[in-house]
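Below is one structure, written out as structure tokens; the observations come after it.
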Amino acid sequence: MDEDGGSSSAVGIEAQSIPPRQSNTLYLFTQQSLPACKPVLTPAWVITIYFLIGAICIPVGLLSLDASRSVVEITDRYDTDCIPPPFKSNKVAYIKDSSISKNCSRFLKVPKHMKAPIYIYYQLDNYYQNHRRYVKSRSDKQLLHGLKYNSTSSCKPEEYNNGLPIVPCGLIAWSLFNDTYSFSRGTAALKVNRKDISWKSDRDHKFGKQVYPFNFQNGSLIGGGSLDPNVPLSDQEDLIVWMRTAALPSFRKLYGRIEEDLDADDVVVVDVSNNYNTYSFGGKKKLVLSTSSWLGGKNDFLGMAYLSVGSSSILLSLIFLLLHVKNPRPYGDTNYSSWNWKGVSS
Amino acid sequence: MAKSPSSGTKGKKIKWSNLYSFSCFMPNTNIDPDVTTDEQPLIGQQGFSRVVFCNESQLHKVEKSFKYPSNYISTTKYNLVSYLPKALFEQFRRVANFYFLLAAVLSMTTSVAPVKPISLVAPLVFVVGISMLKEAVEDWYRFLQDINVNSRTVKVHKGDGLFVDKAWKKLSVGDVVKVSKNEYFPSDLLLLSSSYEDGICYVETMNLDGETNLKVKRCLEATQSLEIDTDFGEFKATVRCEDPNPNLYTFVGNLTLESHSYPLGPSQLLLRDSKLRNTDHVYGVVVFTGPDTKVVRNSTASPSKRSLIERKMDKVIYVLFSLLVLISLIVSIGSAVVTESEMVKWWYLDLQESDPDPLFNPKSPLSSGLLHFVGALILYGYLIPISLYVSIEVVKVLQALLINKDAEMYDEVTDKSVEAQTSNLNEELGQVEIILSDKTGTLTCNQMEFRKCSIEGILYGGDVNEVDLAASQRMNIDVERYGFSLDGSASIGQSFEIFEFSLEDAGTEMAVLGHENVTGNSKISSSWEQSVIKSFNFRDDRLMNKMWMHNSNVNGMIMFFRVMALCHTGIPIEENGSDKLKYEAESPEEVAFLIASQEFGFKFCRRSQSVMVVQELDPSSGSEVEREYKLLNLLEFSSSRKRMSVIVRNEDGQIFLLCKGADNIIFDRLGEHGRKHQHTTSLHISNFAEDGLRTLAFAYRRIEETQYEEWNTMFSKAKETMGPQRDELLESASEMIENNLILVGAVAVEDKLQKGVPECIDKLAQAGLKIWLLTGDKKETAVNVGFACSLLRHDMKQFHLSLSKEAEASSQVKAMKVEILHQIEDSYQMICDKIHKDVPFALVIDGKALEIALGSDMKAQFLQLAVNCSSVICCRVSPKQKALITKSVKEFTGKTTLAIGDGANDVGMIQEADIGVGISGMEGMQAVMASDFSMPQFRFLERLLIVHGHWCYHRIAKMILYFVYKNIVFGLTLFYYEVYTNFTGGVLYDDWSMAMFNVLLTSLPVIALGILEQDVSAQVCLKFPALYKQGQRNICFSWNRIIGWILNGALASLFIFVINLYALSPYAFKEQGQVADIADFGAITYTCVIWTVNCQIALIITHFTWIQHFFVWGSILCWYIFLYFYSALPPEYSQEVFHLLTEAIGPSPLYWNVTMLVVVVSLLPYFLHLVVQRLFNPTDDQVIQEMKHLRKDTKENEMWVKEQHNSKRITQIGFSARVDAKISSLREQLHQKKTLVDTL
């Protein structure tokens, strides 16, 4: 936009008509003659603006794309593969049968050198953590204060079990994800750091340091994972991460970090304990290993979007330049005024 | 013959009635005997049961059946008790408010709503609170106005002949009051007596019916003797009369005084809001008070008006509401389907059959879907801009404030400025197409000025008129061009000569003088206008300062001045300390003549019943002589006679008949010798008329004594005749004597226009407005004023619709209808005719014809005709008709109408029109109180419409469109998100953030836009009135634009959501590997929405002051500040948002990166559209913006001026149009002369 002094002339005119003793801001305001800048979209400005957009977007796009490309990501969907062939036709029965071992090994080949820290995510698809009933089913106060806080009606139906309150209550906690992974490279186990995967503010302010799980996943009400009743909630980082409900039905959650570099062509063996039931609603489970860049994960979208916006802006700027050069509309051309073309037509 | 009174003051005791020879012998003119016999028996029956005990008002306070309301008049809508319920009811009568109330209640009482009650209640309370506050403030001002009116004082009889001041509101029925000259009557009074012996008084009813002539009221002879205050000590009487009713012109009752009963009629009733004139004081008894008075009964409740834009906005709201229902339907159907088929499989929801969740019950998906539907209606209420109404109200109040404060619409004389009485209609000011204007008090000052005269064929006081001047000015350029283009050889000088010659032809002697004066301002006469003497605006050295004595035709002059000094019904009043007299007369014209004759040395000193004394300048001696003239007869002026004569005998015993009248009437009655100057005089008269001056021709004759005696006996006989032939006899008698006249000259008086009226009308005409003149005055006056303010000009084709005398007399409705229809059709045929294509048309119609024309059977034809005429003048229309015309025009054309007037007679049309404007300079308040805007002077209409109207229209239109846009952007992102939650009712944003959206984060820039936006500056608006046509065509708020903005909003929200979706999911959004949860995703998307809508408004604004910058960028900043503080709150309050900005999204480069991308992408469609539109199809204001930007106004001045001129080209009325017409006619003459020269 034109921020120029086209205004200055107008201001000049207006200034004359104002008695000097009253030319204060309030007076100018009431007379609606405050000094103003009146940007006018002239062809030159249009071309410049489009060019500028292009000039900014393309480098930003390239940078973003570069950041995304620098990220190495391994994704492995294991939910179907981890079901033993006899149960292929009845996955739900398999997952619900606690007597069957749920262990499963996955072999991930590292395509490129991965620099530590390597983030381990589990990804669930078609899982509606954003469901209205689900999202509300928690008690933040109970999470912070534990049994001291007992108006937990929002947690229904996971509020009481056998007449005793559940800590942590609610659907979210109850459906805690409970697949576990252990990693090894060759023979050596890869150390996975599972601390510090949640937001610090959650640990410090939202989950009580003195609050221990109580009456959780007991009796008839067994959903997802269980919690160690001896560890305070503020240290149950799996739970803390899980309690941060995802916005979309397809989401990743941080599981841990591998704090060693992985080299290209390394094979990482993952022992998956495939406990979590996504089979009944057709969800998918994926394991993701990913490094990160300043922009986060491996996502080309932003870079591509910037590049396309930038290049189309440049294109538009060229088109308008061409139009302007070949067939310029005299700027402020009065032939376009309604009174003039009206005169012609009549 | 009575003795001549020795001083002017005693003149008031003259029996005025005797001056009127036509009426003085009329038996009991005031009470029609037929009426009395017919209606008197009704007294005491139903509808005529009112009893008033005169001078015993305490009786009315005691007995119940005689208890009448007090004289307090209230115009307020609310009182202390009714305010809350009534105002609340008003608020929730609005569909949108009611809807939000319902939503709020539902959200508080049930769990249907997906959001917390606070996000619904907070905005609602805010919105309703502000609206109610506004109502209260407006009503308070009305209350103050009421107090002002109600506490005026009047002298009331306290007892024992003592009169004391009492407030109007304290007045009660039965009180005897004394009203002095120029005071308003505080209530409907029965006239008891006046300062005149015969108990008459003069009343100005301009506030009631707009008629400027004074009306005579006459008391009963029985009460005539109550002359002084002390007479009322013992006065007792009883009035029985009709019940309160709205009929202004009827009154039936009787007065019982000392056991005699006297019938009462309308001529004894003095109505509230009329004014006592020319009478020292009157005594009257209060008959109707306050709400019972006829004027109050006659007034209709002022309707609440809504502007065109607002009505269209309702439709937009309906569109949005349909969108809302559609979305809710989609969501609820989707939800029902998902609940039934999918949700059972989602074990993590633990949907138990024993304790079903009503919202998600797979067993009864239908009821769940229904509940969901309700929930969705509440959630997507964001599509309907709840704060739109309140923002518009706030903006309009502030706009109104700026209108009120505009220093250029301030009148120093009356110390008043334009005031918006309601702020509802600001933008309607930008869309007016037809102005219906009252005449007296609105266009004119109700003051006549003596301007020019023509004595024995010589024109005096004839300055160049402005049209010729302007024409010659422009011709200077044009003649040059014309000369060259015609053929190269013609020199400029030559064409000048021809031009001057042609001007002389046109009858203007001072064209040369005009040329010399062209240099500076075009308004020579403007400097003359500040004449020292009121009613006298004349300058000619040949006549002034006794110079006329040295002229050759002294005798003619003397006769001329004598006619002026003697032929009238005025009386002089002495002014203390001045030897100049002032005069009072029935019409302001006569006053002007008397003042003028005094200036010329013929001072009319005093009159008695039969003698008029004039102090004359004797040309032979040069000294002043007092001469007595015996008034023998006075032949009254009437609208049918159109002339007035006096027959006087001078000191030498010679008898003269002095006559003044309309030119054609006088010319018909000239004798052979009297026609010497007829040709030149008629030429002058037509020139006067073209300038919009009212003309009268003066003539006289000498009558031989014998001839007079003969005639007088016949005339006296005629006067004494009773019955229907009387008028006829009188008419023929006067006809006999009023002939063989000798023409002495003509005078031109100006019905003085208010300051700046012609210029204002000119500008309004250029802006494409049509102006209709509706006046209660007679046709001649109306047409004169039409000329004076350039609504008419001579090359216009005028249609006069009126009833012929025969049709009027026969009073057969059918015949009248046929006649009028015939006239209408003929005229319409003319318009359609191709030959008359370039000729502008004007329509003049009088009240009676109008009544028929507005009947249902020919209304359409009439209005069709009227709309096709450039100007329409309706004369002799009643207040009801004014309102009816306004209503018909409004309904028939569907165009926005503006009615402007100053008196109570205009109230009807002011209320009926889309916008009513009241002139506040005058004393009457009715028009102002009924109006939507009040202004001290008509000329402010120009700035009010062309500048403020234009601005407000643009502002409100832009504002609404933007509001729609921003709410769509916001609401649809919620919808897209819900699709991604599989219609399970997930909400993307935090509750408090949602509540803040319309209240804090996006409202201020749009309010700033609504108040401060200027597409072009005020100066440009006034220079290019054609810009106003944008509003008339409503291009800023067309459906194309509305749909366009809805699409723009939909597109922007789609971009916002999709970019966020793909940028954030499911990958980590921080270097530390964290992924975004609902709160992060919501906050990032919300940031994008805030940036987008605020940047969008920055693209719309074309006028950035620091305030806009502050609000726009401040709003964006405000979001971050809000988020910062909100997220810093302890987690109990901030919940998911806790430490969101500082810990999660703030440090993430992706967050900022996405924001930038979204802003660029989501604004790109609009920007592209804007660029292309500007490039290929710019609007007028954009072109002017560009010109202004390039400083073409200063650099290429000629082009700038030319454009200004071009933009005006199409008008047919107004000053410039007249100048154009003049130029073209001059050119034609020039051309003819040139060809003539060439052929020679």
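Heads up: the sequence lines are chains A and B, in that order. First residue of the first sequence: 1, per our numbering; consecutive thereafter. First residue of the second sequence: 1, per our numbering; consecutive thereafter. Just so it is clear, CB atoms sit at the ideal spot from N, CA and C, and this is done for glycine as well. No experiment lies behind these values; they were computed from the predicted model shown.
Using a Cβ-Cβ cut-off of 7 Å (strictly less than) and excluding sequence neighbours within five positions of residue i, which residues of its own chain qualify?
i	result
K305/B	N424, L425, D914, D932
S535/B	Q447, M448, E449, F450, V591, A592, I595
F561/B	S597, F600, F602
M313/B	I960
S1127/B	S1134, V1137, F1138, H1139, L1140, L1141, T1142
I1107/B	A1008, L1012
Any beta-carbon of chain A closer than 8 Å to the one on residue i?
i	result
D1220/B	no
V1171/B	yes
T279/B	no
H1103/B	yes
Looking at residue j and residue i, is the spacing between their C-beta atoms short of 8 Å?
i	j	result
E628/B	Q615/B	no
I655/B	I685/B	no
K294/B	N254/B	no
E1186/B	V40/A	yes
L239/A	A173/A	yes
L854/B	I873/B	no
At least one CB of chain B closer than 8 Å to the CB of residue i: is that the case?
i	result
P157/A	yes
A116/A	no
Y160/A	no
D140/A	yes
Going by beta carbon distance, what residues of the same chain come within less than 8 Å of residue i, once the five residues before and after it are set aside?
i	result
E183/B	V154, K275, L276
A305/A	G61
L59/B	F53, F66, G174
R138/A	S154, C155, P168, C169, G170, L171, I172, A173, M243
Which first and last residues belong to the alpha helix (DSSP H) in which residue i is found?
i	result
G1010/B	1003–1012
H281/B	Per DSSP, H281/B belongs to no alpha helix (DSSP H); it is in the beta strand (DSSP E), 281–288.
Residue i lies in the beta strand (DSSP E); which residues open and close that run?
i	result
Y262/B	260–264
P572/B	571–573
F656/B	655–661
W772/B	770–774
Where DSSP assigns a beta bridge to residue i, which residues make up the other side?
i	result
D357/B	F360/B
Y405/A	The shown model of chain A, from 1 to 346, leaves out residue 405/A, and the question about it has no answer.
G901/B	G918/B
W1303/B	For chain B, the structure presents residues 1 to 1240; residue 1303/B sits outside this window and is missing.
K155/B	D165/B, K178/B
D125/A	K284/A
Q798/B	A842/B
Y410/B	S417/B
S645/B	L635/B, C659/B
Who are the Cβ neighbours of residue i in its own chain at under 6 Å, not counting the five residues just before and after it?
i	result
V917/B	I900, S931, F933
K102/A	S273, N274, N275
R185/A	D266, V268
G334/B	F983
Kindly examine the ligand ADP and report whether one of its heavy atoms sits closer than 7 Å to the Cβ of residue i.
i	result
F1104/B	Annotation note on the ligand ADP: not contained in the displayed structure, which lists no ligands.
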